[in-house]
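To start, the structure under review is shown below, and the notes come after it.
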Amino acid sequence: MGGYTSAVTTDHADVEPASTTPEPGRLPTDPPDTGPPAPGEPAGPGAIDATLRRGVALISGLALVVAFFLPWLEQTDINLRTLTGLQIVLDGEMSSQTRAAVAAVPGLGIILLIAGYVGRRSALFVGLLAGISLIVVGAWQTLSYLAESIGTGLWVVAAASLLAVIGGIPWQRIVRNALNK
């Protein structure tokens, strides 16, 4: 094996002692594992994350239930009176789809309250489901109201803005980086 020299030194001066070498999957800056937490102490980042998820589910669930009883439509030149979510559902002035969507809000709020009380996994799943469904329904309702009232010029502005955003995205770099991973 001529010409090959070993890169390993015999004095091992460049190797740290075993006590400071982190375990696989741990960073050198991670605190040492001291065993299970004492009773009443959080169990680490997982417990904090679970508590945060449950708290967010409880707060958003309560906010959805309270919001149902707050004004949804304010009195203006077009709206002759202020309407709460409850009045929208009970009055029958709006379409059945709109009333059903508004009626779902406190129901999802109650489900979020229960999920936040019960536990982390259910709070995560129900929170995602409730949030996504309310955003989709709200966007649909808003866009359908807008579609009835805006003219061609504003539609062209919206389409041109969307096109400008799409054109500004570095698609080639994104695809190249995705393929090279």
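Going by the numbering used here, the first residue of the sequence shown is number 14, and it counts up by one from there.
All C-beta atoms, glycine included, are put in the ideal place defined by N, C-alpha and C.
Quick caveat, the model's predicted, so the values are computed rather than measured.
Residue 142 versus residue 181 - alpha carbon distance: 31 Å
CA nearest to the CA of residue 67, picked from 131, 159, 89: 131
Separation of residue 71 from residue 164, as counted between CA atoms: Rounded to the nearest angstrom, the two C-alpha atoms are 42 Å apart.
Coil, strand or helix - residue 28 by DSSP: Residue confidence for residue 28 is low, a pLDDT of 47 falling below 50, so the modelled location carries little weight; the figure read from the coordinates is stated next. Of the three classes helix, strand and coil, the one that applies to residue 28 here is coil, per DSSP.
Range of the contiguous beta strand (DSSP E) that encloses residue 86: 84-86
The segment 86-96 touching the segment 148-163, judged by at least three CB pairs closer than 8 Å: no
Proximity below 8 Å, CB of residue 144 to CB of residue 136: no
Local conformation of residue 64 per DSSP, three classes: helix
Those runs of the alpha helix (DSSP H) which lie wholly inside the segment 108-186 and span at least 4 residues: For the segment 108-186, whole alpha helix (DSSP H) runs of length 4 or above, ordered along the chain, are 109-131, 133-162, 165-181.
Residue 100 (DSSP reduced to helix, strand or coil): helix
Residue 93 - DSSP class collapsed to helix/strand/coil: coil
Presumed contact (8 Å Cβ cut-off) between residue 123 and residue 139, rounded CB distance: 11 Å between Cβ atoms; not a contact.
Option nearest residue 73 by Cα separation, candidates 118, 149, 176: 118
At least three beta-carbon pairs within less than 8 Å, the segment 98-106 to the segment 79-87: Yes, the segment 98-106 is in contact with the segment 79-87.
Where residue 193 sits in the DSSP three-state scheme: coil
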